[in-house]
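Take a look at the structure set out below.
Number of protein chains: 2
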Amino acid sequence: MDSETTIAPVTAEKPIVISVDCMGGDQGPSAVIAGLFICADAHSDIHFLAHGDEAQLRPLLAKRRDLIARITLVHAPRVVTMLDKPSQVMRHGEGTSMWSTIDSLKSGSAVVAVSCGNTGALMAVSMIRLRKIPGVSRPAIACFWPSQNPSGFNVMLDVGADIKADAKDLMQYAIMGSSYARNALGLTRPRVGILNVGTEEHKGSAELKLAQDLLQANATLGDYEYIGFVEGSDIPSDRVDVIVTDGFTGNIALKTGEGTARLVSDFLRSTLASTIWAKLGYLLARRAFGRLHKKMDPRSVNGGVFLGLNGTVVKSHGGADETGVAAAIGLAIRLARAGFLERLSARIASVNSAGHGAAGNTA
Amino acid sequence: MDSETTIAPVTAEKPIVISVDCMGGDQGPSAVIAGLFICADAHSDIHFLAHGDEAQLRPLLAKRRDLIARITLVHAPRVVTMLDKPSQVMRHGEGTSMWSTIDSLKSGSAVVAVSCGNTGALMAVSMIRLRKIPGVSRPAIACFWPSQNPSGFNVMLDVGADIKADAKDLMQYAIMGSSYARNALGLTRPRVGILNVGTEEHKGSAELKLAQDLLQANATLGDYEYIGFVEGSDIPSDRVDVIVTDGFTGNIALKTGEGTARLVSDFLRSTLASTIWAKLGYLLARRAFGRLHKKMDPRSVNGGVFLGLNGTVVKSHGGADETGVAAAIGLAIRLARAGFLERLSARIASVNSAGHGAAGNTA
Numbered sequence: 001m002d003s004e005t006t007i008a009p010v011t012a013e014k015p016i017v018i019s020v021d022c023m024g025g026d027q028g029p030s031a032v033i034a035g036l037f038i039c040a041d042a043h044s045d046i047h048f049l050a051h052g053d054e055a056q057l058r059p060l061l062a063k064r065r066d067l068i069a070r071i072t073l074v075h076a077p078r079v080v081t082m083l084d085k086p087s088q089v090m091r092h093g094e095g096t097s098m099w100s101t102i103d104s105l106k107s108g109s110a111v112v113a114v115s116c117g118n119t120g121a122l123m124a125v126s127m128i129r130l131r132k133i134p135g136v137s138r139p140a141i142a143c144f145w146p147s148q149n150p151s152g153f154n155v156m157l158d159v160g161a162d163i164k165a166d167a168k169d170l171m172q173y174a175i176m177g178s179s180y181a182r183n184a185l186g187l188t189r190p191r192v193g194i195l196n197v198g199t200e201e202h203k204g205s206a207e208l209k210l211a212q213d214l215l216q217a218n219a220t221l222g223d224y225e226y227i228g229f230v231e232g233s234d235i236p237s238d239r240v241d242v243i244v245t246d247g248f249t250g251n252i253a254l255k256t257g258e259g260t261a262r263l264v265s266d267f268l269r270s271t272l273a274s275t276i277w278a279k280l281g282y283l284l285a286r287r288a289f290g291r292l293h294k295k296m297d298p299r300s301v302n303g304g305v306f307l308g309l310n311g312t313v314v315k316s317h318g319g320a321d322e323t324g325v326a327a328a329i330g331l332a333i334r335l336a337r338a339g340f341l342e343r344l345s346a347r348i349a350s351v352n353s354a355g356h357g358a359a360g361n362t363a
Numbered sequence: 001m002d003s004e005t006t007i008a009p010v011t012a013e014k015p016i017v018i019s020v021d022c023m024g025g026d027q028g029p030s031a032v033i034a035g036l037f038i039c040a041d042a043h044s045d046i047h048f049l050a051h052g053d054e055a056q057l058r059p060l061l062a063k064r065r066d067l068i069a070r071i072t073l074v075h076a077p078r079v080v081t082m083l084d085k086p087s088q089v090m091r092h093g094e095g096t097s098m099w100s101t102i103d104s105l106k107s108g109s110a111v112v113a114v115s116c117g118n119t120g121a122l123m124a125v126s127m128i129r130l131r132k133i134p135g136v137s138r139p140a141i142a143c144f145w146p147s148q149n150p151s152g153f154n155v156m157l158d159v160g161a162d163i164k165a166d167a168k169d170l171m172q173y174a175i176m177g178s179s180y181a182r183n184a185l186g187l188t189r190p191r192v193g194i195l196n197v198g199t200e201e202h203k204g205s206a207e208l209k210l211a212q213d214l215l216q217a218n219a220t221l222g223d224y225e226y227i228g229f230v231e232g233s234d235i236p237s238d239r240v241d242v243i244v245t246d247g248f249t250g251n252i253a254l255k256t257g258e259g260t261a262r263l264v265s266d267f268l269r270s271t272l273a274s275t276i277w278a279k280l281g282y283l284l285a286r287r288a289f290g291r292l293h294k295k296m297d298p299r300s301v302n303g304g305v306f307l308g309l310n311g312t313v314v315k316s317h318g319g320a321d322e323t324g325v326a327a328a329i330g331l332a333i334r335l336a337r338a339g340f341l342e343r344l345s346a347r348i349a350s351v352n353s354a355g356h357g358a359a360g361n362t363a
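If you read the protein sequences in the order shown, they are chains A and B. Using my numbering, read the first sequence as starting at 1 and increasing by one per residue. Using my numbering, read the second sequence as starting at 1 and increasing by one per residue.
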């Protein structure tokens, strides 16, 4: 509880460098560069590496000569497309902007990486280049979920790094997810729940009952409060801060939530255009609707984070525009400033060495 | 395609009887009886069995002496509560209103049963009293999901009968779910998809790839169109009519959708109360919002249906009020009129005997 100071925070002496993959998004490099400019304007102490094809990036970067000292172009001639298979990219990905972006973490030239590219390929390249943190058996992708909590968000993981997770994996997700919630949402002692088909202790598979015991046993070391099983309806609630589940279930839940929110907003849009009174009503309430739109805007919560690797990688939505890209890079900057990777690694080490003289709580 | 006439439709000569469990809902027997009255008024040819404690039901039923000829009270002194364990109810459930409601199907005194009680107990009692349709290995619960399709709904199963399903189970869910979509939604040849973490053929577990082949191979016999893998975001879309998945994933998706819709409507409500202009706007658009509310109202789509048993059981939401109960009983009446159980059983028999001189398509 007292050893937050044992980790040297990243200070202003050595600037923070964020590694950005400028290719591979659906909207092309111009959207990524525009998002990068937004963050560069907002954070004058941050440096950036812009990875991609020099011929395409040079003219885009030339638009803001005032930022030239803080944005370094790293030429990578090839691009990973959304159709490329992860296994192919893992073997033959050298020379792509994605590979180059991740390698900057490996070499230590940057602290956090951001990419809008193919999720499976990005996970594969990150795995092979960065390797897992000692003691982690399955890395996970964590996402934010709009919620009734004061911060406005909950954290859910895994939402798609792997389709399976055993009890021990779920316990590690609890540790990684609560560390992430502390560093990204500023929570002190996150409440963690396991996603299940009911809250009663006898519900669900034998594996989930085993996970129940493990999460309970490691709550103090992981510095979280274990609240038991939660249901799908609890994901956006204020009952819980961190929801752990396997990547198959988490991915389905995430996309079901997205699809449902889209359905409701489509219905709302057609309702507000259905009569002249409704149209007038919309005009009067327009500013309030604008705030609602902003609150629910998936672009503003853009960025899944890969947890469990020797490097922090933020996965932006493939279709992100400049606002979405800026949100993802903003998240990367927040994690870099918090020294998140060092804290997370120390936390995992302390849990793993439990019983053999545990280290302090650091993440 | 030509043998729909081989099944004798239920005709007006012998009235249709619906068996209703009047106890066990969160709002007590008065809400159930009120819902029953709504349906009795709307369908003057239908008879009802009202199961429950005579002392409680008699005064409630006495309010509508004009319906006395069509509503028969069946005394059952005991009640299954939401806390009772399914295994207990299965062994010691005799004398409860739930048991009595299901037994009316077994004895042939009614064709479809409706209950607001404990889902697990209802499934357990239904299993043990009605038994599975020959050839079905795992029964399923199917639900409606608000969607962009012309009917306004898609069908998803299993949403919680069992936590597991293998490839053969998923194939049977496709057959049962498309038969249900034909009879409850009036679709001719439903489009069926398997829920997965991506639409590409290489995604997901080996079991899902096996299911892919089985669903494809049985599409003609099942009279559905197999469209491949679908994602969570497709569940409310117009790409698909019937979504099949295991009961763990389906239950999580269902509750995640409910939770997300609730979150959006809570945010919408507070938005519309946030400023004087927003309040005025809401007043002008009030009728349009009323229609939206009705469209999204979970009470109007109330009723999961147990498929794969020798009897049709509609599970109403535990918290249903009279509107919700009326929707569930209305669904039961629709299925009874369609002769759904006979059609479904014939369809399953025809698929099972495929290769040995298949029967005609009947459901």
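In this text, a Cβ means the ideal position worked out from N, Cα and C, and glycines have one as well. These numbers come from a predicted model, not from an experiment.
Near V351/A, which residues of its chain fall below 7 Å by C-beta distance, leaving aside the five closest residues on each side in sequence? Along the first sequence, read from residue 1 onward, the residue named residue 351/A stands at position 351. Non-local C-beta neighbours of V351/A in its own chain, meaning closer than 7 Å and more than five positions away in sequence, comprise I175, N218, L221, G222, ordered along the chain.
Roughly how many angstroms lie between the CA atoms of C143/A and V192/A, to the nearest whole one? Locating residue 143/A in the first sequence gives position 143, where the first residue counts as 1. Locating residue 192/A in the first sequence gives position 192, where the first residue counts as 1. Near 14 Å, if we compare the C-alpha coordinates of V192/A and C143/A.
Tell me whether T188/B is buried or exposed, calling it buried when 16 or more other Cβ atoms sit within 10 Å of its Cβ. The residue you call residue 188/B lines up with position 188 of the second sequence. Exposed is the label assigned to T188/B, since fewer than 16 other Cβ atoms lie within 10 Å of its Cβ.
Once DSSP output is grouped into helix, strand and coil, what is the label at P77/B? Mapped onto the second sequence, residue 77/B falls at position 77. Here P77/B sits in coil by DSSP.
Check each candidate in A50/A, D53/A, G120/A, A69/A and name the one with the smallest Cα separation from D84/A. Against the first sequence, residue 84/A aligns to sequence position 84. In terms of Cα proximity to D84/A, the closest of A50/A, D53/A, G120/A, A69/A is G120/A.
From S265/B to A62/B, what distance separates their C-alpha atoms? Your numbering for residue 265/B matches position 265 in the second sequence. Your numbering for residue 62/B matches position 62 in the second sequence. Using only the alpha carbons, I get a separation of about 39 Å.
Report the rounded CA-to-CA distance for Q148/A versus L268/B, giving the unit in angstroms. Counted from its first residue, the first sequence places residue 148/A at position 148. Counted from its first residue, the second sequence places residue 268/B at position 268. Answer to the nearest angstrom: the Cα atoms are 13 Å apart.
Does R91/A pass the burial test, meaning 16 or more other C-beta atoms within 10 Å, or should it be called exposed? Counting from 1 along the first sequence, the entry for residue 91/A is found at position 91. Sixteen is the threshold: since fewer than 16 other Cβ atoms of the shown chains lie within 10 Å of the Cβ of R91/A, the residue is exposed.
Taking a cut of 9 Å between CB atoms, which residues from the region 50-82 of chain B lie near chain A? So the list is empty, because no residue satisfies the distance condition.
List, in order along the chain, the chain B residues whose C-beta lies closer than 7 Å to that of P236/A? Residue numbering aside, residue 236/A sits at position 236 when the first sequence is read from its first letter. By Cβ distance, chain B contributes G259, T260, L263.
Closest Cβ-Cβ distance between T249/A and chain B: below 8 Å? Walking along the first sequence from the start, residue 249/A turns up at place 249. Judged by the 8 Å Cβ criterion, T249/A is in contact with chain B.
Does I141/B pass the burial test, meaning 16 or more other C-beta atoms within 10 Å, or should it be called exposed? Taking the second sequence and counting its residues from 1, the one referred to as residue 141/B is at position 141. Buried.
Measuring CB to CB, does G324/B end up less than 8 Å from H317/B? The sequence position of residue 324/B within the second sequence is 324, counting from 1. The sequence position of residue 317/B within the second sequence is 317, counting from 1. In contact: G324/B and H317/B (Cβ atoms closer than 8 Å).
Environment of E200/A [buried if 16+ CB atoms lie within 10 Å]: Taking the first residue of the first sequence as position 1, residue 200/A is located at position 200. Residue burial is scored here from C-beta neighbours: E200/A has fewer than 16 other C-beta atoms within 10 angstroms and is therefore classed as exposed.
Which residues DSSP lists as bridging T72/B, in chain order: Residue mapping note: residue 72/B aligns to position 72 of the second sequence, counting from 1. DSSP lists L49/B as partners of T72/B.
Kindly list, in the order they appear in chain A, the residues whose Cβ is closer than 8 Å to that of Q148/B. Along the second sequence, one-based indexing puts residue 148/B at 148. Result: L263, D266.
At least one CB of chain A closer than 8 Å to the CB of A288/B: is that the case? Mapped onto the second sequence, residue 288/B falls at position 288. Yes, contact with chain A.
Does chain B have any CB closer than 8 Å to the CB of E201/A? To locate residue 201/A, count along the first sequence from 1; it is residue 201. No, E201/A does not count as interfacial toward chain B.
Under 8 Å, do L195/A and T245/A count as touching if we go by C-beta distance? One-based indexing of the first sequence puts residue 195/A at position 195. One-based indexing of the first sequence puts residue 245/A at position 245. The criterion of a C-beta distance shorter than 8 Å is satisfied by L195/A and T245/A.
Candidates L214/B, G117/B, L331/B, of which the one nearest L185/B by Cα: Your numbering for residue 185/B matches position 185 in the second sequence. Taking each of L214/B, G117/B, L331/B in turn and checking the Cα distance to L185/B, the smallest one comes out for L331/B.
In the structure shown, what three-state DSSP assignment does I141/A receive? As a working note, residue 141/A is residue 141 in the first sequence. Note: I141/A maps to strand in three-state DSSP.
Ordered along the chain, which non-local residues of its own chain (more than five positions away) have a Cβ less than 8 Å from that of K14/B? To locate residue 14/B, count along the second sequence from 1; it is residue 14. Nothing meets the Cβ criterion.
Partner residues on chain A for Y180/B, Cβ-Cβ distance less than 9 Å: In the second sequence, the residue the question calls residue 180/B occupies position 180. None at all; the shortest Cβ gap to chain A is about 21 Å.
Do the CB positions of V376/A and A113/A come within less than 8 Å of each other? In the structure displayed, chain A extends from 1 to 363; residue 376/A sits before or after that span and is not available.
List the whole-angstrom C-beta distance separating A34/A from G25/A, where the pair is believed to meet the contact cut-off of C-beta under 8 Å. Here residue 34/A refers to the residue found at position 34 when the first sequence is read from its first residue. Here residue 25/A refers to the residue found at position 25 when the first sequence is read from its first residue. Not confirmed; about 11 Å, so no contact.
Within a Cβ cutoff of 8 Å, which residues of the same chain sit near G247/B, ignoring the five residues on either side of it in sequence? By 1-based counting over the second sequence, the position of residue 247/B is 247. Same-chain partners within the cutoff: A140, I141, D158, V159, G160, A161, D162, I163, K164, A165.
My understanding is that T249/A touches I252/B, with C-beta atoms under 8 Å, so please give their C-beta distance in whole angstroms. Locating residue 249/A in the first sequence gives position 249, counting from the first residue. Locating residue 252/B in the second sequence gives position 252, counting from the first residue. Contact between T249/A and I252/B holds: their C-beta atoms lie close to 6 Å from each other, under 8 Å.
Test: L122/A CB closer than 8 Å to a CB of chain B: As a first step, residue 122/A is located in the first sequence; it is residue number 122 there, counting from the start. No, L122/A lies away from the interface with chain B (no Cβ there is under 8 Å from its Cβ).
Once the 5 residues before and after D169/A are set aside, which same chain residues still bring their CB inside 7 Å of it? Taking the first sequence and counting its residues from 1, one reaches residue 169/A at position 169. Result list for D169/A: S137, R138, in chain order.
Do S97/B and C39/B have their CB atoms nearer than 8 Å? Taking the second sequence and counting its residues from 1, the one referred to as residue 97/B is at position 97. Taking the second sequence and counting its residues from 1, the one referred to as residue 39/B is at position 39. Taking 8 Å as the Cβ cut-off, S97/B and C39/B do not qualify as a contacting pair.
Cross-chain neighbours of L157/B in chain A, by beta carbon under 8 Å: Taking the first residue of the second sequence as position 1, residue 157/B is located at position 157. Within chain A, no residue comes near L157/B; the closest Cβ sits about 14 Å away, beyond 8 Å.
Quick one: using the 10 Å Cβ neighbour count with 16 as the cut-off for buried, is H293/B buried or exposed? As a working mapping, residue 293/B is identified with position 293 in the second sequence. That one is exposed.
Cβ closer than 9 Å: which chain B residues qualify as neighbours of L280/A? Walking along the first sequence from the start, residue 280/A turns up at place 280. Ordered by position in chain B, the residues that pass the 9 Å Cβ test against L280/A are G281, L284, A285.
Does any residue of chain B bring its CB to less than 8 Å from the CB of S274/A? One-based indexing of the first sequence puts residue 274/A at position 274. For S274/A, the answer is yes, since a Cβ of chain B falls inside 8 Å of its Cβ.
Starting from the beta carbon of R291/A, find every residue of chain B whose beta carbon is closer than 9 Å, and list them in chain order. Position 291 of the first sequence holds residue 291/A. Close to R291/A, with beta-carbon spacing below 9 Å, are these residues of chain B in chain order: T271, S274.
Restricting to runs no shorter than 3 residues, where is the beta strand (DSSP E) found entirely within the region 275-349 of chain B? List check, beta strand (DSSP E) in window: 304-307, 312-315.
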